[in-house]
Amino acid sequence: MYSFEPDEEQRMLIEAVERYATNDLRVAAHDADEEGELPAGLIEKGWELGVLQASIPEAYGGFGERSVVSGVLAAEAMGWGDLASAMAVMLPATYAIPILVGGTEEQKTRLLPPVIEAEWKPYVAAFIEPSFDFYPGEMQTKAKKNGDIYLLNGEKACVPFADKAESMLVYAGLDGQTQAFVVPTGVEGLTVGEREKLMGIGALPMYRVKFEDLEIPIESRLGGEDGCDFNPILASAQVAIAGLAVGVSKAALDYVLPYAKEREVWGVPIAQKQSIAFMLAEMATEIEAIRLLIWEAAWMLDAGKDVTKEAYLALTGASDMAMMVTDQAVQVLGGHGYIREHPVELWMRNGRGIPTLTGLAMV
Amino acid sequence: MISFEMPESIRKTTVLMETIAENMMRPVARYFDEHEHEIPWDYINFMHEAMKQMGVSSIAAKNVKKKKEGPRLGNQRQAFMLEILSWGDSGLFLCTPGGGLGAAAVQAAGSPEQKERFLSCHTGEKPTFDAMALTEPHAGSAMPAEVRTTAVRDGDQWVLNGEKIFVTAGHKALVDSDGFVVIWATIDPSAGRAGVRPFVVEAGTPGCSVTKLEHKLGIRASDTVSILLQDCRVPFENLMGSPEVVKDKKKGFKGAMATFDATRPLVAAMAVGVARAALESVKQMLEERGVEVQYGLPRNRLTNIEREIIDMETMLRSTWLLVLKSVWMLDERKPNTIEASMAKVRAGDVVVKITQRATELMGPVGYSREHLLEKWFRDAKINDLYEGTGQINRLIVARRILDYTRHELS
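Protein sequences appear in the order of chains A and B. Going by the working numbering, the first sequence runs without a break in its numbering and finishes at 363. Going by the working numbering, the second sequence runs without a break in its numbering and finishes at 1410.
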C-alpha cells in the first residue's frame, strides 16, 4: 500500500519540532550567523525534543526504534528553522546512529547510553576532508593495521565542536574500504586546528582536525575486528542532509510567497505577474517532487533495502532543488534579497552547502 | 504511515501490462507512426478481449465493478497501467478502447445513472471509444471559461451548436465505433464559466460530424479531430450536472475541475512512460557499448554521460512519485488539484527534457528513424500541451499557493 501521509506519532513529532523551529531557531538564526555563535540554551532546548533519543532502543538508553522516515521528517522541520542550529542539535546523531547501525552489541551497550541518557554533549563525527574531489568512498585519511592497533593518519575538515568534543567518530580508508573508528579526544596524535571559516552555516563552530600516527585499539573500530558496512551509514547521511535541504528550501518559499503578494510593481503585487508566479510554482513543484524522492529512499532504508543508488539520487535531487529554490528566492526579492536584513541570502549560502556538507547530519 | 510498498494487486497488473507493452505495442510502434491514421485493430481487439477477460475496462471499470472491501486503488492502478502502456507506445495507447478522457469526465461529473448508461457501451461485444471535446478554434487554455458552443433547451432535449477542435480519439469514438464524446457547451453565454456544462453526445447522433483529421508531430497512431455540431439534439438527461445556472461560480464549474484533477495525473503518468522508454533505451545502448554508470561519485568525478543519466533518473523518479501521490490522493478522496497540476507541470517538462537529451546523446542513432528515440522525442511534446499546457498548470499551482483567484492571477 502506498501512503504519503505521516502517521499520528510522526505528526506529533513534526509539530513539536516545527514549534521549536519557529519560536527558537528562526528567531536566533540571523544573529547567530553574524556572530558565529549559537545563543546559550538553544541547543539544549532542541535536544530535549528527544528526536535522537526516540530513535534509540531502550537497551541502549533511548525510548524507541529508529525510523529513517521520522528522522527525515524531523530534519525537514528543523532545517526550516535554521540549518546551522539544526545541525548542532542533531550533532550527537552523527556519532550515535552509525554506532547503532554498524556497531557490535558491546559497542552499542558501552557507547550509546552516555550519549543518549545525558544532556546534549558534543559527540561528533569527522567525515569531510579538505580536498575539492573529496569522495566518501575513498577517504584520504587512512587507517593501517599495526599489530594489535590501528594507526590513523590524515586530515579532516568541518568537524563541529571538535575543540570541545567528548568523543569523535572518525572515518578513514582501510584496505580500500571506508571504515569508522571511535576516537577519544585530547589524546596524542590528534590536533584540533583553527576554526573553519565557511560561506554559510556560520553559527556552527567547525574545525580542521589532524591525525598523526594516532593509535586506536582494535575494539574501537566500528563493528569490531570485521568492521562495518559503510553503505547504510552513508545513505543515512545522504537522506538526512537531503531532508534538511527540503527544510531550507521550504523556508525560502514560505518567506517569498507573502513577500511577492505585498511588494508592488506598477501598482500591482509582483505575485500577480506570471514571471514571478511561474517561478513560485516551479519552486513549490520542485520541493514536492524531490521531497518524495527522499521519503522513498528513507522508507527503503527502514525496510532494510540497499539504497546506495536511491539515497545518492535523493541527495543529487535535493542539492539541485536547494540551489534552485534558494537562488530563486533571492531573485524574487530582487536587490533586497542581496541585503543581509532578509534571510534569503543566508538560505542561498546554506543551500549551496547541501552537497558539500554530507556527513554533518544522520537520521 | 508513509509507505512506498506496491500493493500486490497492482504488481500483478503491471506484469500483465508489461507483457502487452513489449509484445503488442513495441513491435508495431514504428509502423503506425509511419502510417498515420491507419487504425491498429489488432491491438484494439486484443485489448478489448483482454479487458473483458480481466473484468476491467480501463476507466469504466471503476464504476462497473462495485465497491469492494479494502483500500481504493483504482486511480493508482490506472496510473501504473498508463505509464507502462505509454512506455510501450503512447500513440497506440491512445487507441486503447473502453474508456478514455470522455469516460473520465463521466466518472467525475456524471450521476450514478449516467455512469451506468454511458459507460456500459464499453462492456459490449465490440470495442468502443470515447473522447472529450473542450478546445475550440478561438481558445484552448482559456477553457472552459470561454466556451462558445451553445446548448439550448428545447422541451426534453438540448440543441447543441458549435465547433470543437483537437479532440483525441474523436474519430474512433464517433465514426469507427459506437462510442461517445463529451462536449462542453454553455447553457447561458451571459454567465461565463458558471454556465458551462459537459454533455454526452453518442455516436450516430444527427447534427454531430467529424470534419477534420489532423496531421501531427507525434502520437500519429492516435486520431485528433475537429467536431462540428449543427442543431445536434441530445436527450435532456445527457447533460451532466445541474441544468440551473447558479450565481455561485464554483458550483457550475465543479464538474470541469473535478475532471482535470483526475485526468492530469494520468496524462502525467503517460508522460513518465515515454520518458522512461527513452532513458532505458539510452542506458541499454550505453551498456551494450560497455559504458557503465557509477552511482555515488561527486559531480566532479562524473563523466558527462554519467551526469546526464543520473540527472535524468533523478528527474524521472521524483516526477513519478509526484504522479503517484496525486492519484493516491484521488483514491483517498483528498483534494488534489495542486498535486495534479504539479505532476502535470513536471511530467511535461521532464519528458520533453529527457527525450531531447536522449536523442542528442545518441547522436546519429538518436536522430535516425531506424530507432524509436526520435519518435519518443516527437511523441513527448504533446504531454506538455494537452490536458492543460505547462503554463496553464503553472498558473493553477501559483494561484493555489498564493491563494489567488483567476482574476487576481491570469
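Beta carbons are placed, not taken as given, at the ideal position from N, Cα and C, and that holds for glycine.
8 Å CB neighbourhood of residue i in its chain, flanking five on each side removed
{"i": "residue 1405(B)", "result": "1399"}
{"i": "residue 1386(B)", "result": "1166, 1168, 1267"}
{"i": "residue 45(A)", "result": "20, 24"}
is_contact[residue i, chain A] using C-beta, thresh 8 Å
{"i": "residue 1408(B)", "result": "yes"}
{"i": "residue 1297(B)", "result": "yes"}
{"i": "residue 1220(B)", "result": "no"}
{"i": "residue 1228(B)", "result": "no"}
{"i": "residue 1017(B)", "result": "no"}
{"i": "residue 1354(B)", "result": "no"}
{"i": "residue 1280(B)", "result": "no"}
{"i": "residue 1076(B)", "result": "yes"}
{"i": "residue 1001(B)", "result": "yes"}
{"i": "residue 1004(B)", "result": "yes"}
{"i": "residue 1265(B)", "result": "no"}
Cβ neighbours of residue i in the same chain (closer than 7 Å, five flanking residues each side left out)
{"i": "residue 53(A)", "result": "62, 63, 116"}
{"i": "residue 356(A)", "result": "none"}
{"i": "residue 1431(B)", "result": "This structure cannot settle anything about residue 1431(B), because the visible part of chain B is limited to 1001 through 1410."}
{"i": "residue 1037(B)", "result": "1213, 1223"}
{"i": "residue 221(A)", "result": "150, 179, 181, 227"}
{"i": "residue 21(A)", "result": "77, 78, 80, 81"}
{"i": "residue 294(A)", "result": "72, 239, 242, 243, 246, 314, 318"}
{"i": "residue 284(A)", "result": "253"}
{"i": "residue 1362(B)", "result": "1282, 1285, 1373"}
Any chain B beta carbon closer than 8 Å to residue i
{"i": "residue 326(A)", "result": "no"}
{"i": "residue 121(A)", "result": "no"}
{"i": "residue 71(A)", "result": "no"}
{"i": "residue 230(A)", "result": "no"}
{"i": "residue 14(A)", "result": "no"}
{"i": "residue 3(A)", "result": "yes"}
{"i": "residue 37(A)", "result": "no"}
{"i": "residue 33(A)", "result": "no"}
Neighbour-count burial assignment, residue i, 16 or more Cβ in a 10 Å radius
{"i": "residue 109(A)", "result": "exposed"}
{"i": "residue 305(A)", "result": "exposed"}
{"i": "residue 1217(B)", "result": "exposed"}
{"i": "residue 1057(B)", "result": "Bear in mind that the predicted position of residue 1057(B) carries a pLDDT of just 49, short of 50, making it unreliable; the figure below should be weighed with that in mind. Answer is buried; the Cβ neighbour count reaches 16."}
{"i": "residue 339(A)", "result": "exposed"}
{"i": "residue 187(A)", "result": "exposed"}
{"i": "residue 276(A)", "result": "buried"}
{"i": "residue 330(A)", "result": "buried"}
{"i": "residue 1277(B)", "result": "buried"}
{"i": "residue 1326(B)", "result": "buried"}
{"i": "residue 1033(B)", "result": "buried"}
{"i": "residue 1031(B)", "result": "exposed"}
{"i": "residue 1084(B)", "result": "buried"}
{"i": "residue 1097(B)", "result": "buried"}
{"i": "residue 1011(B)", "result": "exposed"}
Residues of its chain near residue i, where Cβ-Cβ distance is below 6 Å and the 5 sequence neighbours each way are ignored
{"i": "residue 235(A)", "result": "301, 307, 311"}
{"i": "residue 1066(B)", "result": "Note that residue 1066(B) scores a pLDDT of 47, beneath 50, so its modelled location is shaky; the value from the coordinates is reported in the next line. Counting only Cβ-Cβ distances below 6 Å, and skipping sequence neighbours, we find nothing."}
{"i": "residue 1161(B)", "result": "1150, 1229"}
{"i": "residue 1384(B)", "result": "1348, 1352, 1390"}
{"i": "residue 1061(B)", "result": "Low local confidence applies: a pLDDT of 47 at residue 1061(B) is under 50, so the model's placement there is unreliable, and no value is given."}
{"i": "residue 164(A)", "result": "122"}
Which residues, taken in chain order from the stretch 1318-1337 of chain B, show a beta carbon closer than 8 Å to some beta carbon of chain A?
Under the 8 Å Cβ criterion, the stretch 1318-1337 of chain B contributes 1318, 1319, 1321, 1322, 1324, 1325, 1328, 1329.
Stretch pair the stretch 1317-1333 of chain B + the stretch 289-309 of chain A: three plus CB contacts closer than 8 Å
Below 8 Å, enough C-beta pairs join the stretch 1317-1333 of chain B and the stretch 289-309 of chain A to call them touching: three or more.
Evaluate the contact criterion for the stretch 306-321 of chain A versus the stretch 1010-1020 of chain B: three or more CB pairs, one atom per stretch, below 8 Å.
Result no; under three Cβ-Cβ pairs closer than 8 Å.
Interfacial residues, the stretch 56-69 of chain A to chain B, with Cβ spacing under 7 Å
Answer in chain order: 69.
Cβ-based contacts, 7 Å cut-off: residues of the stretch 260-275 of chain A near chain B:
Flagged, chain order: 261, 271, 272.
Between the stretch 124-157 of chain A and chain B, which residues of the former have CB atoms less than 9 Å from a CB of the latter, in chain order?
Those residues of the stretch 124-157 of chain A placed with their C-beta closer than 9 Å to a C-beta in chain B are 132, 133, 134, 135, 136, 137, ordered along the chain.
Given 8 Å, three or more beta-carbon pairs between the stretch 1099-1111 of chain B and the stretch 1258-1274 of chain B:
Touching, yes.
Could you tell me whether the stretch 67-79 of chain A touches the stretch 119-130 of chain A, using the rule of 3 or more Cβ pairs below 8 Å?
Judged by Cβ distances under 8 Å, the stretch 67-79 of chain A makes no contact with the stretch 119-130 of chain A, as fewer than three pairs qualify.
Residues, ordered as in the chain, of the stretch 1299-1314 of chain B that lie near chain A by beta-carbon distance below 8 Å:
Answer set for the stretch 1299-1314 of chain B: 1299, 1300, 1301, 1310, 1311, 1313, 1314.
Selection of the stretch 1022-1056 of chain B by Cβ proximity to chain A, strictly under 8 Å
Cβ contacts with chain A come from no residue of the stretch 1022-1056 of chain B.
Just checking, does the stretch 1138-1151 of chain B make contact with the stretch 1180-1200 of chain B on the three C-beta pairs under 8 Å criterion?
Short answer: they touch.
Residues of the stretch 1340-1351 of chain B with a CB closer than 7 Å to any CB of chain A: list them in chain order, please.
Of all residues in the stretch 1340-1351 of chain B, 1342, 1345, 1346 have a Cβ within less than 7 Å of some Cβ in chain A.
Measuring CB atoms only, is the stretch 1301-1311 of chain B touching the stretch 1321-1339 of chain B, in the sense that at least three cross pairs come out at less than 8 Å?
In short, these stretches do not touch, since the Cβ pair count stays below three.
Please determine if the stretch 168-176 of chain A and the stretch 139-155 of chain A are in contact, where contact requires at least 3 C-beta pairs separated by less than 8 Å.
Because the criterion of three Cβ pairs below 8 Å is met, the stretch 168-176 of chain A and the stretch 139-155 of chain A touch.
Residues from the stretch 1392-1408 of chain B in contact with chain A, defined by Cβ distance under 9 Å:
Those residues of the stretch 1392-1408 of chain B that come within reach of chain A (Cβ to Cβ, closer than 9 Å) are 1393, 1394, 1395, 1396, 1397, 1398, 1399, 1400, 1401, 1402, 1403, 1404, 1408.
For the stretch 150-166 of chain A against the stretch 200-220 of chain A, do three or more pairs of beta-carbon atoms, one drawn from each stretch, fall closer than 8 Å, so that the two count as touching?
Yes: at least three Cβ pairs fall under 8 Å.
Any C-beta of chain A within less than 9 Å: which residues of the stretch 1228-1246 of chain B qualify?
Listed by position along the chain: nothing, the set is empty.
Below 8 Å, how does it come out for the stretch 1174-1185 of chain B and the stretch 1117-1128 of chain B: are there three or more Cβ pairs, yes or no?
Enough Cβ pairs lie closer than 8 Å, so yes.
Near-chain A residues of the stretch 1108-1139 of chain B (beta-carbon distance less than 9 Å), N- to C-terminal order:
Listed by position along the chain: nothing, the set is empty.
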